[in-house]
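With the numbering used here applied, the sequence shown corresponds to residues 660 to 985, in that order. Every residue, glycine too, gets a C-beta built ideally from N, C-alpha and C. Given the structure is predicted, the values throughout are model-derived calculations rather than measurements. Taking it in order: structure first as structure tokens, then the write-up.
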Amino acid sequence: MIDKAIKFGKFKLGNKVTFFLSLVFLVIAIYYLSIEIESSVFIFKRHLNQIYISEFLLSLVAVFLLQFLNWFLEALKFKILLNNFSKTSLLFVLKSIYVGNFTAFFTPERFGNFIGRAIVFKEKKEEVIMATLIGNLSQLIITVVIGLFSMFFLKSYLFGKLFGLNSFYFLPILLYSFLLIFLLFIFFSHKSINYFLKIKVLTKWIVKFKDLNFVGISHKFTVLLFALLRYLVFYFQYLLLANALDFQIDYFMLFLFVGLLFGLVTFIPSPLPGNLGTREGLAAFLFGGGLLGIQFSFISFLIWLINVGFSTVLGGIIYSYSNLRK
660 MIDKAIKFGK FKLGNKVTFF LSLVFLVIAI YYLSIEIESS VFIFKRHLNQ IYISEFLLSL
720 VAVFLLQFLN WFLEALKFKI LLNNFSKTSL LFVLKSIYVG NFTAFFTPER FGNFIGRAIV
780 FKEKKEEVIM ATLIGNLSQL IITVVIGLFS MFFLKSYLFG KLFGLNSFYF LPILLYSFLL
840 IFLLFIFFSH KSINYFLKIK VLTKWIVKFK DLNFVGISHK FTVLLFALLR YLVFYFQYLL
900 LANALDFQID YFMLFLFVGL LFGLVTFIPS PLPGNLGTRE GLAAFLFGGG LLGIQFSFIS
960 FLIWLINVGF STVLGGIIYS YSNLRK
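Laid out in structure tokens, this is it:
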């Protein structure tokens, strides 16, 4: 009984520390962003006056439509994982995705995602939680892969010009490499899960993925493919808005900066859904502020508004309509 109380106390303390850190990061990000906006607002307004409104609106519509593709791919990925436990329809899965987005909006780190999906699949709560965890792991692997790729190509700029730590660039690259190997071992190797379970520090985290053994290798590759396709949808959303806003950067460099942004912000705790505020601050910082930084931050906010904001509203409508029908 005492041991359980101690563990619960540690859990609550850990949550409080994480929440405090998330607030610190958010305040720093907003403060930095406000300074950059204040110093570049006139240049940014002048730049906005020079863009073609019709082209911008068309790009915004295209980004909006890609949002549906994004969540459809997530539904396909989720369905593949659920089918390892029990068969279900794609439409029902898609409904759970949007309801999950709605409940995730009101919880830190989008934990409500699990709650919303479990609400829809009332009799399959354990399977839903496991499938969601595995799906999130696949998305994390893709994020780390592209983040590491971006970090390697931008190492001179990132660690030299931006941070002034050119001599230590290998440390974060090495850290991300070890993280990627660790994630791949968990995802693909049945034996590695049993091995990592013996390490006390990792037991609490690894035990969540024990059912990965029931997902076949071919299904795992398919899930990773859908995770990659989702990532490419995100990139194309950035690309469309970057072109519309005359963002002065080529396609490959944009891919690298998007990869770097996602690769870093994924590991920054945030009290707001989708790392709102923190992501925009980091986006501006990665370009050293100025017009490019504000543009990149503005694009990130618009994509958040469409991917997270709209899907939350739609999920709320679906959830409310389902309850009214009962």
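What do you get for residue i, buried or exposed, if any count of 16 or more other CB atoms within 10 angstroms of its CB means buried?
| i | result |
| --- | --- |
| K754 | buried |
| R705 | exposed |
| S959 | buried |
| Y897 | buried |
| Q726 | buried |
| F944 | buried |
| G947 | exposed |
| A978 | The sequence shown places Tyr at residue 978, not Ala. Y978 should be labelled buried. |
| I702 | exposed |
| Y980 | exposed |
| K736 | buried |
| F751 | exposed |
| V924 | buried |
| I793 | buried |
| V804 | buried |
| L900 | buried |
| K738 | buried |
| I845 | buried |
| V720 | exposed |
| S748 | exposed |
| Y690 | exposed |
| V860 | Confidence in V860 is poor, its pLDDT being 48 and thus under 50, which makes the residue's placement too unreliable to answer from. |
| L834 | exposed |
| I965 | buried |
| Q709 | exposed |
Terminal residues of the continuous alpha helix (DSSP H) containing residue i?
| i | result |
| --- | --- |
| I840 | 829-847 |
| N902 | 876-903 |
| L923 | 910-924 |
Does DSSP put residue i in a helix, a strand or coil?
| i | result |
| --- | --- |
| Y980 | helix |
| F780 | coil |
| Y691 | helix |
| F906 | coil |
| Q726 | helix |
| V860 | In this prediction, V860 scores a pLDDT of 48, lower than 50, which makes its location untrustworthy; the coordinate-derived value is nonetheless stated afterwards. Of the three classes helix, strand and coil, the one that applies to V860 here is helix, per DSSP. |
| L601 | Residue 601 falls outside the range modelled here, since the chain spans only 660 to 985, and no answer is possible. |
| L680 | helix |
| I710 | coil |
| L732 | helix |
| L813 | coil |
Going along the chain, which unbroken runs of the beta strand (DSSP E) with 3 or more residues stay wholly within the region 736-775? none
At 4 residues or longer, what runs of the alpha helix (DSSP H) sit wholly inside the region 927-973? 937-945, 949-963
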